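Single-structure report; data block below.
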Amino acid sequence: MSMQTELNTITSTMSELSLRITTLVESEADALPADIYTELVAAERTVGALLRRLNRVAGRIT
């Protein structure tokens with residue numbers, strides 16, 4: 025598997041994970057204890073940052 029293909033696969037998986045975390049945070053915000061909500065928001069931001077980095081790397085590979 026080429027590096028570009030592998031990065032595309034990882035990026036796609038991370039995008040799905042990001043969407044799932046965001047959906048969980050938005051749909052369950054009122055039902056979650058504050059500390060759990062805070063941790064999920066932090067995870068959402070971390071996954072988003074990772075996704076941006078992966079997209080940058082994938083864009084540099086030709």
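Just so you know, we're using my numbering here: the sequence shown kicks off at 25 and counts up by one.
Ideal Cβ positions, reconstructed from N, Cα and C, are used throughout, including at glycine.
Keep in mind that this is a model prediction, so the values were computed, not measured.
Cβ-Cβ separation between N32 and A73: approximately 19 Å, too far for a contact (criterion under 8 Å).
With a cutoff of 8 Å on beta-carbon distance, L41 and V65 are scored as not near each other. At the C-beta level, V49 and E63 stay beyond 8 Å of one another. About 16 Å separates the beta carbon of L78 from that of M25, a gap too long to meet the 8 Å contact definition. Judged by DSSP in its simplified three-state form, I34 adopts helix.
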